[in-house]
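Please read the structure below before turning to the comments.
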Amino acid sequence: MSELALPKIDENVIQKKDFIVRKLKKITRSENVLSHPDEIKPYETDALSAYKQTPLTVVLPEKTKEVSEILKFCNEENIKVIPRGAGTGLSGGALPLQDAILLGLGKFNRILEIDFENKCVVTQPGVTNLGITHAVQHKGFYYAPDPSSQIACSIGGNVAENSGGVHSLKYGTTTNNILGAEMVMMDGTICKIGGKTLDQEGYDILGLLCGSEGLLGVITEVTVKILKKPQSVRAALIGFPTIEDGGNCVSDIISNGIVPAGMEIMDKALIVATDNFAKAGYPKDAEVLMIVELDGTKSEVDNMLKQVGEIAKKNNSNSIKLSKNEKERLAFWSGRKAAFPACGAMAPDYYCMDGSIPRGKLSLILKEINNLSKKYNLAVANAFHAGDGNLHPLIMYDGSDKEQLRKTEEFGAEILKTCVKLGGVLTGEHGVGIEKRELMCEMFNDNDIQQQLSIKKSLDEKNLLNPGKVYPILRKCAEEGRIHVHRGEEKFPDIPRF
Amino acid sequence: MSIEAKKNSQISLDSEIFKPEDEQTVSDIIRDCYKKNLPIEIIGSNSKNFIGYNLQSAKTLDFSNLSGIIEYLPEELYIKVKPGTPLVLIEETLDKNNQQLAFETIDFGFIQNGKSNKGTIGGYVACNFAGSRRFKLGNVRDHILGFRGVNGKGDIVKSGGTVVKNVTGYDLSKVVTGSFGTLIALTEITLKVSPKKSSQSTIAIHTDNSIQVSQLFDKILSSSNEVSGSVYIPDEPKNKKYNLNKSEIFKFNDLKYEGSFLAFRLEGDKKSIEERKKDLTKELELNKFKISTLDFYQSVLFWQKINNLELFTSTRNNILRVVIPPASSEKLMKYLKNKYKFYIDWSGSLFWIEVEDKEETNIKDIKRFVLDIEGYLTVIKKSEKFSFEESLFTINENGLLISKKIKESFDPKKIFNPGKMYREI
Ligand SMILES: Cc1cc2nc3c(=O)[nH]c(=O)nc-3n(C[C@H](O)[C@H](O)[C@H](O)COP(=O)(O)OP(=O)(O)OC[C@H]3O[C@@H](n4cnc5c(N)ncnc54)[C@H](O)[C@@H]3O)c2cc1C
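If you're matching them up, the sequences are chains A and B in order.
Each residue of the first sequence is one higher than the last, beginning at 188 in the numbering used here.
Each residue of the second sequence is one higher than the last, beginning at 47 in the numbering used here.
Laid out in structure tokens, this is it:
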């Protein structure tokens, strides 16, 4: 992995470590301040595990007031702070710095209020995404955004990353599903934003906070909307002889006014990989495979599914299966859900990227990726949230071969740049973090970046909250920008990967 | 000003009203005002100019000539437009492709002077006031994918893109939507569009009982039957202060009974509507009520009237927009009943309230009540006698603190629409 530029180390802070630890132990219970190397080890990295760094110390406060006092102290003493949820982030957003305090929200793990009357849940940020659904499902409700890391990732992290899931096409991402938050600014000010109403008066501060990657404030409470579960869910599994046919089918489904709950595409390489791995029974003659999931009332779903089948036929599909029951629907998904581990089994290492493109450009980008694959002589498999244009190419390589690693990095950067050229963006859901930081200039010019930085500056004047993330440090487009996963080092191996 | 821009726009920087036709000219004008500390009022077509504080400004930037659809890709579900594009043109264009802006637009022309005036898309985005579908499908802010604009220093900036999944950098589209032109002069807006449903039907439940109404609202919100509109239209207080036009406006062949009613809308294909109707009949225990059903055409018209705010057509009184947590709708309903003319949208969350011009102190009381139940209030239309003692928008202390910081980062010299929303901004 290339050498990573990080903010300048403040030696002064490192020398003051004992003083800082003592102070933190006054603010929160002393066992909440970790400094033994063994205790700190798990916090050295998030799910972008190629990058590791030991923080100055780790603090796990329990109350908003403690967070506020910690930030105020750090602001006064010029100490950098890195917020962290569950550490499942894939772009290095929670990567510590040598001279920074890592502020973990793991102890903020309680649901504070379940308000069925107002269709919302007030929760602390450390509660897992799935934990919210678990708390309300007995009454038929759920929290809609469903990142595949949902058993592990925290709702605070979801807000910070504006996480999405396979059902974002119909139900939106985090930003469309939260009503309020409590956040603590770097100077210690505690702010309540929104509440239980739809929208807030004044500037949409909640909208700004969502997706701000821990740079603007520490989230200490979140109010999320909950929805009633749809009555009926069914899926279609469709194979196509060419990439173009699959891509055209996606566009046709949308043009016919159908908004599926989810629409996924896998290319040939991934079909083969997942089928070998998960024995999902996918059609072997397909060049691309599509899963379309529809939800709603029973007749509506049946009707839409029929329509999807007809549209697929028109687009030369060579196999169509419609799920008849829940077991079959889950079987359709089983291969797709095994996509990441399947690639892990095929090569010692893989890189996963997360660009978004206009849906209609699917066949173009896949062709380009195939050409690049030949150019670099590296295998690649593609998973695609086709409904919302979010592409996850997985490049397979051997990390012990330095030259292959270098080529892989180049390959990855070329893919992301192509996404931008085709009218897309660098990251659809994994965030910029440290990973795609230097590629930001592919999408934004100086003015655009300056506007964002001036917001950052207005809320965190000294640039102490999660510095070195999101915005380019080198001010040039370096060759970075992918997830690096090494066999045996992969974090959260049990979580299904989409 | 660059020679190029001058040639394009034929505008002298000495004039008071600018009607730029391109982004570069907008930038040149603003940069000049920034240097000279000159406040600028930003307007689309003035259709909603009555909302917010009146302001004094040396210059006016009128966007009506920066108009037109830049790119519309139905299969990509987005439309990219210039800010001065009439909203009606956008809606007509989408309609030809069986698409729509899912949040449903409000026509403020009727309360202003009795006739339709939807204004420009720039103005609409600046207000972030969605219509009836909001509680189901999000507000305007949820449908803005990206923008270009000029900040208070004259810099052209962009954010977002045309794709729905995008977490590259801060989501500035959210911040500028609903900022009433106080942060940025938008020059390009990309909106998410959605397919239109093939049919719709509206069911009216005739009831005057606040408890029943709030229970029905709750059941609608708790249902998975995808109700896309849910309003309550109470009878007006028998009081000459208000224009008693309800039975006139909601005169429909199939609306069978007089008096107050709750109406909800189902959209989709006919079969699905029937199926959901059956389901809701059980969920809402509709057999206990007197019911009317409006077919497709009547239903379309009904929701137009709701989103035209036609009950308050040409009123001289004050109009308030109040948003509350939905479970408090019964409390607020009881508070307002027989005193004010009002109706409720978003299944209990949004109240439109008319307050007679002589009763401004009542606005204060209503606001206190609304804040108590953790809602917020906006004075949308001010009567001629409105004295501005009460602030027109709601905000808490911290909200204002952060808002000031955000304002400073976009418009450090506070030259855009000064005081339009809050005096300090
Ligand atoms: C196997 C796997 C699958 C995944 N699938 C998806 C997916 O389908 N969709 C998707 O969107 N993402 C996915 N992710 C990425 C990741 O799970 C999300 O980004 C998630 O939201 C991160 O949450 P976290 O609690 O782990 O945050 P962390 O990783 O701890 O932190 C992420 C960022 O948020 C900040 N942060 C965390 N908590 C707070 C807080 N309380 N206040 C302020 N800032 C905070 C951190 O500083 C950091 O910048 C996946 C990850 C893995 C490992």
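For each residue, glycine too, the CB sits at the ideal point set by N, CA and C.
The distance from the Cβ of Gly542 (chain A) to that of Thr614 (chain A) is about 7 Å, consistent with a contact at the 8 Å cut-off. Of the residues A:Arg421, A:Asn435, A:Val420, the one whose Cα lies closest to the Cα of Phe427 (chain A) is A:Asn435.
For Gly291 (chain A), the three-state secondary structure derived from DSSP is strand. Legend: CB atoms of the stretch 173-186 of chain B lying less than 8 Å from CB atoms of chain A belong to residues Asn174, Arg180, Phe181, Gly184, Asn185. Bridge pairing for Lys128 (chain B): absent [DSSP]. With a cutoff of 8 Å on beta-carbon distance, Ser247 (chain B) and Asp315 (chain B) are scored as not near each other. At the C-beta level, Val210 (chain B) and Lys242 (chain B) stay beyond 8 Å of one another. Phe348 (chain B) is not bridged by DSSP to any residue. As for any alpha helix (DSSP H) of minimum length 4 sitting wholly inside the stretch 355-385 of chain B, the runs are 375-382, ordered along the chain. Within 7 Å of the C-beta of Val346 (chain B) there is not a single heavy atom belonging to ligand 1. Ala322 (chain A) has its CB no nearer than 7 Å to any heavy atom of ligand 1. Rounded to whole angstroms, Pro248 (chain A) and Thr407 (chain B) show a C-alpha spacing of 46 Å. Comparing C-alpha distances from Lys306 (chain A) to each of A:Leu299, A:Tyr329, A:Leu317 shows the shortest one belongs to A:Tyr329. By a beta-carbon distance limit of 8 Å, Phe519 (chain A) contacts Ala422 (chain A). Their separation comes to about 5 Å. For His252 (chain B), the uninterrupted beta strand (DSSP E) run begins and ends at 245-252, by DSSP. Residues Asp153, Phe156 of the same chain have their beta carbon placed closer than 6 Å to that of Asn354 (chain B), with the five preceding and five following residues left out of the count. Not a single heavy atom of ligand 1 lies less than 7 Å from the C-beta of Pro580 (chain A). Closest option to Ser73 (chain B), judged by alpha-carbon separation, among B:Leu123, B:Gly200, B:Thr359, B:Phe263: B:Gly200. By the CB criterion at 8 Å, Gly184 (chain B) and Phe226 (chain B) fall outside the cutoff.
Contact between the stretch 569-588 of chain A and the stretch 531-545 of chain A is established, with three or more Cβ pairs separated by less than 8 Å.
Taken in chain order, the members of the stretch 289-307 of chain A whose beta-carbon sits within less than 9 Å of a beta-carbon on chain B are Asp302, Phe303, Glu304, Asn305, Lys306, Cys307.
Within the stretch 197-221 of chain B, contact with chain A at the beta-carbon level (separation under 9 Å) is assigned to Asn197, Asp201, Ile202, Val203, Lys204, Ser205, Gly206, Gly207, Thr208, Val209, Val210, Lys211, Asn212, Val213, Thr214, Gly215, Tyr216, Asp217, Leu218, Ser219, Lys220, Val221.
Cα atoms of Lys387 (chain B) and Ala339 (chain A): separation of roughly 50 Å, rounded to the nearest angstrom. Secondary structure note for Ala423 (chain A): it is in no alpha helix (DSSP H), and the uninterrupted beta strand (DSSP E) holding it is 419-427. Proximity of Thr361 (chain B) to chain A, defined by a Cβ-Cβ separation below 8 Å, is not satisfied.
Against chain B, the CB of Lys415 (chain A) has a partner CB under 8 Å away; the residue lies at that interface. Chain B has a Cβ within less than 8 Å of the Cβ of Glu388 (chain A). Rounded to whole angstroms, the gap between the alpha carbons of Ser217 (chain A) and Ile377 (chain A) is 23 Å. Ser429 (chain B) sits buried, since 16 or more C-beta atoms from the chains shown fall within 10 Å of its C-beta. Residue environment analysis places Tyr343 (chain B) among the exposed positions, since fewer than 16 neighbouring C-beta atoms fall within 10 angstroms of its C-beta. Beta-bridge annotation (DSSP): Thr484 (chain A) is not paired with any residue. Any Cβ of chain A closer than 8 Å to the Cβ of Leu101 (chain B) would place that residue at the interface, and such an atom is absent. Interface flag for Tyr422 (chain B) against chain A is set, since a Cβ pair is found closer than 8 Å.
DSSP, reduced to helix, strand and coil, places Met533 (chain A) within a helical segment of the structure shown.
Here DSSP, grouped into helix, strand and coil, assigns Tyr538 (chain A) to strand. According to the DSSP assignment, Ala339 (chain A) belongs to no alpha helix (DSSP H), since it is labelled neither H nor E.
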